[in-house]
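First the structure, in the form of structure tokens, and then the observations on it.
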Amino acid sequence: MQDAEKIQDRLVADRKVRAVAQAGSYGTDEAWAGSQPTLVAFERGLLSPHTETRAGVTVHRFPYEKLEAWRDWDTAREEAPIALLATSRVAYDPTGNYGRIQRTLWNLNAERLAAHREDLLNQAAARLETARRTSTGPGSGMQEQLLALAEARAVAVDLLYPALLTHLHGWPEFEIRLPHAWRAAAGLRFPKAVYHLDNLYGFGGEAEARRVLLATRGLGLLDQEKRARAAFQAGYYDGAVRYLRDETARTHSKDLERWAYLSSARRDKLGVLLGVTLSPLGPAALAIAGELLVDAREGR
């Protein structure tokens, strides 16, 4: 994609920009039809990180000061998108600091990895406990069941999957192919944990992907449907389903909170998108996430 090359060249030529890297599978041997050009840039004058997408190219911009601050592991693990930094490919780094950040991440010792894993697990445990208090128990209805499922999935993907990969000194990718990536990265070593990840989403192969894609109509998910269809056409059926389940929970959280007041037609569509008939709900979803937490801690 020429636009990606032009944007990268403009970033490198900009005197405010002090480092540029390519991220994601686009431009690599792992690229596929749905790969999106993604760049990472550190820039003078920025007060906070922000992300923008133009002409199909996503740029993650960070303040220049972080380029030096994140060389320190304790600071980086608190603030930085460490998986993004560890797996990106440096294109411009006159100070050498981007390379130093990456070498720190690539060469973490077992003690530091274990501490990072424990941080992720503690965050996951706290969120699951909060979800149990707020979304289960007497008086909880369908909306609480769905909110618990959405939180269990978010905790599993954002915290427990990265925690599992620390046993391999690996870093997660968050492309639309995610379920295929976690099976490839960790499935052979940690089959129990990966089975829990799959179980939370109620994958159903090509047939379920077709149902989920059809259910997007009329729900304002045009961009998401387009990306998911590209994954479907490439054969990443579970990737399309995982992406649409998570995007539905993210973009329609208000619908989940007022589930009882929705029209039956809207509930039916959202139910298909969320996998209501195929996935564990409420306490069952939180219990599976709890089992995944134990497996991620023990590495099994």
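Going by my numbering, 264 is the number at position 264 of the sequence shown; the sequence numbering is gapless. Each residue gets a CB set at the ideal place from its N, CA and C atoms; glycine is no exception.
- Restricting attention to 196, 217, 233, the CA atom closest to the CA of residue 207 is found in 233.
- The DSSP-derived three-state label of residue 193 is helix.
- With a cutoff of 8 angstroms on beta-carbon distance, residue 227 and residue 243 are scored as near each other.
- Inclusion of residue 125 and residue 293 in the CB contact set at 8 angstroms is warranted, their separation being smaller than that value.
- Per DSSP, reduced to three states, the secondary structure at residue 61 is strand.
- Burial state of residue 23 is buried, judged by a 10 Å Cβ sphere holding 16 or more other Cβ atoms.
- Residue pairing of residue 92 in beta bridges, as defined by DSSP: 20.
- Under the DSSP definition of a beta bridge, residue 270 lacks any partner.
- Excluding five sequence positions before and after residue 55, the CB atoms of its chain that fall closer than 7 angstroms to its own CB belong to 3, given in chain order.
- Taking all protein chains in view, the Cβ of residue 45 is surrounded by fewer than 16 other Cβ atoms within 10 Å, so the residue is classified as exposed.
- Pairwise C-beta distances place the segment 24–41 in contact with the segment 56–63, as three or more of them are shorter than 8 angstroms.
- According to the DSSP assignment, residue 232 belongs to the alpha helix (DSSP H) that extends over 222–234.
- Looking at the backbone, the Cα of residue 26 and that of residue 90 are separated by about 14 angstroms.
- In the assembly as shown, residue 253 is an exposed residue. Its beta-carbon has fewer than 16 other beta-carbons within 10 Å.
- Counting only unbroken stretches of 4 or more residues, the alpha helix (DSSP H) elements lying wholly within the segment 84–162 are 97–106, 110–135, 142–155, in sequence order.
- A straight-line Cα-Cα distance of about 17 angstroms links residue 142 and residue 250.
- A straight-line Cα-Cα distance of about 24 angstroms links residue 108 and residue 94.
- Around the CB of residue 31, fewer than 16 other CB atoms lie within 10 Å, so the residue is classed as exposed.
- With a cutoff of 8 angstroms on beta-carbon distance, residue 168 and residue 297 are scored as not near each other.
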